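Everything below concerns the one structure shown next.
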Amino acid sequence: MWIDRLCRRLRRLGALALATGLAGMASPAMAAFSLTTLHDGGNAAKVQYQVDTGGGLVFKVMAYDNGVSTQSKGDISSLVYNGAQYADASRGSQLNSGFDFLYSNVSAVDVQAQMISSTGAATPASTANGGVVSGGAYIKVTVTVFSANGGVLKHYYMARSGEPRVYMGTYFTEEPDTLNLVRYIVRVPIGVLSRGPAAGVPGGLASNGTWPQDLRGTNSTIEASDVFGFSSGTSNAGQTRSKHYSNMRLKDWQYFGGLNSGSTVGLWFYRDNNEGNSGGPFYRSLLNQITSTNNELTYIVNYGEGQTEAFRMGVLNSYTLMFTGGAAPTAPDTSWFSVMGLDGFVAPSGRGTVAGVGLSGTDSAYTYTVGFSSDKAQYWTTANLANNGFFKSTGMRPGNYTVTVYKNELAVYTGSVTVTAGNTTTLNTLTINADPSSTAAIWRIGNWDGLPNEFLNGGRLTTMHPSDVRMSSWVPATFVVGSSSAASGFPAYQWKDVNNARVIQFNLTSAQVRNLTLRVGTTTDFNSARPQVSVNNNSWTSAIPTAPPKGSRNLTVGTYRGVNRLYSFDIPSTALVAGTNTVTLNVVSGTSGTGFLSPGLSYDAVDLIVTP
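Going by numbering that gives the first Met the number 0, the sequence shown opens with residue 0, and the numbers climb by one from there.
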């Protein structure tokens, strides 16, 4: 029962001893590219499927419930590459917290294994202890879980002859509700994978020679149970670390992973086109965590933190766990998935293309991304400004899509397109019509591009906690238009309990004293935060805008990426004077919170324009 599973999670001491015993069991001799059935302890009810890839990698999938709270039927229980064990003996590598803990009140898990020929003919695994099936081109292990509501989740482990890789696919018709996310975690003993990756990939080496997700040596808890710090007296005193700070914009990475101490072995996750994820091309989420015992690689299929849209169902999400000799991985060939009988798989012949003639109204100082989204899939491509903004998106599932053009990360055009299988849909030149920068401003702080990077602390937001000693003070002096700099005088984030009442001072000529509009752009908000404006020592104060929905943590866990919002405050001429004026920006919210967990928001830009 599901309740039994929950109770077992509390019995860790006995569980660890049992897990260690299982890990030490001897295995029969292995054949090249083979599928072997093992009965742990000679018990036919305790089946594990062992896959020898013929490429130096041998892995096992547990097909029974061993009563261990940190392991589950369907886990990878062993991952041996060139003789070294890359699986934690006490904890499974698994989806979420285990396949038997995906759905409320459900613990039943089915595991089946097959050898697959090059044409798709399937041969089941042997039922005999030590029974070997060989001679095929591929191997598939299918883990199936049904929810109490009739939904299904299928996870596939696949191997291709001669490759040291575990190809994975996850398909579901109902979101797992115990954690409300879908992620696969590979837990590797720190002794064999002690390093993070090089700079330039998620969780890559930072300029100070550390990995932002490396918790080793931290000795204090900064926030919740996942942000940690170094106390005084240590070389990194005041710095922070968290798995959340391994993030990178989705469009900017294809793989992430770790290395052994000599950088002679690399273990990586390589992603697909991410069509089944949610959040779009700029979504950020945790990927790596390094502790004193494990190097954890977490592949996110969907995740609620900083999420901007509904989760997608009915899509095969594929990703590949790859061993290399330390070099960065190259894109795996997955064309053979077409013969594997995978739910949610759509062959290239069943997909379509969108090609855009170009974009009009762009600014060459920015990158433009064209995104496509529906309730079933998401895609994106970068427009080629050197070729009039030409763009092309291939391999799309058929259906109706919203087309969004982003200036950096700010939506500046929205339209629609229909994709049909086997065809290319051509879009005529798209004219950008929603760029706030197109309106002349009396003054402007920051850039209308959906990013807070140009502001104070803007370059550190994604790799450390706001309290980190490397951050500049969040409370700069009054911002004086014409002399202050956004990079040093205007904070990227503002919290109700940290740096509220930010003052902007500016001058107006007598001709400029008229009805004016202050525009405030934000990239995300926390605890229903929104801005309220007062002018010239409260001679005029705006109404409080409608509260945005309350979401999960964001500002403190490495992401400014949420829903971009533009607030417009119409200031009457009677509140303004010729000469010096001040505007005070306050964060308001009916939700409580203290410090960096008080209501807060991230700035995109602030400007003053003539009221339209």
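Beta carbons are placed, not taken as given, at the ideal position from N, Cα and C, and that holds for glycine. None of the values given here were measured: they were computed from a predicted structure.
In DSSP terms, what Met395 is bridged to: Per DSSP, Gly351.
Supposed close pair Val586, Trp494 - CB separation, criterion 8 Å: Correct: roughly 6 Å between the Cβ atoms.
Status (buried if at least 16 other CB within 10 Å, exposed otherwise) for Asn427: Answer is exposed; the Cβ neighbour count stays below 16.
For Ile184, the nearest candidate out of Asn293, Ala147, Arg194, Thr122 (CA to CA): Checking every option, the nearest Cα to that of Ile184 belongs to Asn293.
In chain order, each alpha helix (DSSP H) run of at least 4 residues that lies wholly inside the segment 241-265: Runs found: none.
Segment limits, beta strand (DSSP E) that includes Ala158: The continuous beta strand (DSSP E) containing Ala158 extends over residues 151-159.
Beta-carbon contacts of Phe568 that lie in its chain and below 6 Å, excluding the five residues immediately before and after: These residues qualify, in order along the chain: Leu517, Val532, Ser541.
Buried versus exposed, by CB contacts within 10 Å (16 or more), Pro490: When all chains shown are included, Pro490 counts as buried.
Assigned secondary structure, Met29 (DSSP; H/G/I helix, E/B strand, else coil): Since pLDDT at Met29 reaches only 46, below the 50 mark, its modelled position is unreliable, and no value is offered.
Limits of the unbroken alpha helix (DSSP H) element including Gly488: Segment 485-488, the alpha helix (DSSP H) holding Gly488.
Exposure of Ile543, with buried meaning 16 or more beta-carbon neighbours within 10 Å: Residue burial annotation: Ile543 is exposed, with fewer than 16 other C-beta atoms found within 10 angstroms of its C-beta.
Simplified DSSP assignment, three categories, for Asn386: Assignment of Asn386 by DSSP, reduced to helix, strand and coil, places it in the helix class.
Cβ-Cβ distance between Leu358 and Asn407 below 9 Å: Cβ atoms of Leu358 and Asn407: not closer than 9 Å.
Continuous alpha helix (DSSP H) assignments of at least 4 residues falling wholly in the segment 55-95: Considered as a whole, the segment 55-95 harbours no complete run of any alpha helix (DSSP H) with no fewer than 4 residues.
The beta strand (DSSP E) enclosing Asn316, as first and last residue numbers: Run containing Asn316: 316-323, per the beta strand (DSSP E) assignment.
Per DSSP, the bridge partner or partners of Gln493: Beta-bridge analysis with DSSP links Gln493 to Leu600.
Residues of its chain near Leu285, where Cβ-Cβ distance is below 7 Å and the 5 sequence neighbours each way are ignored: Hits under 7 Å: Lys242, His243, Ser245, Asn246, Thr297.
Contact the segment 363-374 vs the segment 139-153: 3+ CB pairs below 8 Å: Contact between the segment 363-374 and the segment 139-153 is absent: fewer than 3 CB-CB pairs across the two stretches fall below 8 Å.
Length of the line joining the Cα atoms of Ala330 and Ala440: For Ala330 and Ala440, the gap between their C-alpha atoms comes out near 46 Å.
First through last residue of the beta strand (DSSP E) which encompasses Arg182: If you look at Arg182, you'll find it in the beta strand (DSSP E) that goes 181-188.
Where the beta strand (DSSP E) through Trp447 begins and ends: Where Trp447 is concerned, there is no enclosing beta strand (DSSP E), given that its DSSP letter is neither H nor E.
Any 3 or more C-beta pairs closer than 8 Å across the segment 178-195 and the segment 204-223: Yes: at least three Cβ pairs fall under 8 Å.
Contact under 9 Å by Cβ, Tyr378 with Asn272: Asn272 is positioned such that its CB atom lies closer than 9 Å to that of Tyr378.
For Ile221, the first and last residue of its enclosing beta strand (DSSP E): 219-222 is the span of the beta strand (DSSP E), which, as asked, contains Ile221.
Paired residues, beta bridge with Lys139 - DSSP: According to DSSP, which records beta bridges pairwise, Lys139 is partnered with Gln113, Met157.
Proximal residues to Glu295 (C-beta, below 8 Å), its chain only, five neighbours per side dropped: Correct list, in chain order: Ile184, Val185, Arg186, Val187, Lys242, Asn287, Gln288, Ile289.
Where Ser168 sits in the DSSP three-state scheme: Checking the sequence shown, residue 168 turns out to be Gly, not Ser. Gly168 falls in the strand class under three-state DSSP.
Burial state of Gly305, where buried means 16 or more other Cβ atoms lie within 10 Å: Counting the other Cβ atoms within 10 Å of the Cβ of Gly305 gives 16 or more, which makes it buried.
Buried/exposed call for Gly73, threshold 16 Cβ in 10 Å: It counts as buried.
Touch test, the segment 403-423 against the segment 459-471, Cβ-Cβ under 8 Å, three pairs minimum: With a cut-off of 8 Å, the segment 459-471 and the segment 403-423 do not count as touching, because too few Cβ pairs lie within range.
8 Å contact criterion, which Thr52 and Glu162 should meet: CB distance rounded: The pair is a contact, with the Cβ atoms about 6 Å apart (cut-off 8 Å).
Ser291 versus Asp87, Val356, Ile138, Glu308, residue with shortest Cα-Cα distance: Comparing Cα-Cα distances from Ser291 to each of Asp87, Val356, Ile138, Glu308, the minimum goes to Asp87.
Proximity test, Cβ basis, 9 Å: Asp606 and chain C: The structure shown contains no chain C, having only a single protein chain.
Runs of beta strand (DSSP E) wholly within the segment 504-548 (minimum 3 residues, chain order): Counting only runs of at least 3 residues, the segment 504-548 fully encloses the following beta strand (DSSP E) elements, listed from N- to C-terminal order: 515-525, 529-534.
Span separating the alpha-carbon of Val46 from that of Leu315: The alpha-carbon separation between Val46 and Leu315 amounts to approximately 27 Å.
Three or more C-beta pairs below 8 Å linking the segment 335-355 and the segment 576-596: As far as the Cβ criterion goes, the segment 335-355 does not touch the segment 576-596, which means the pair count is below three.
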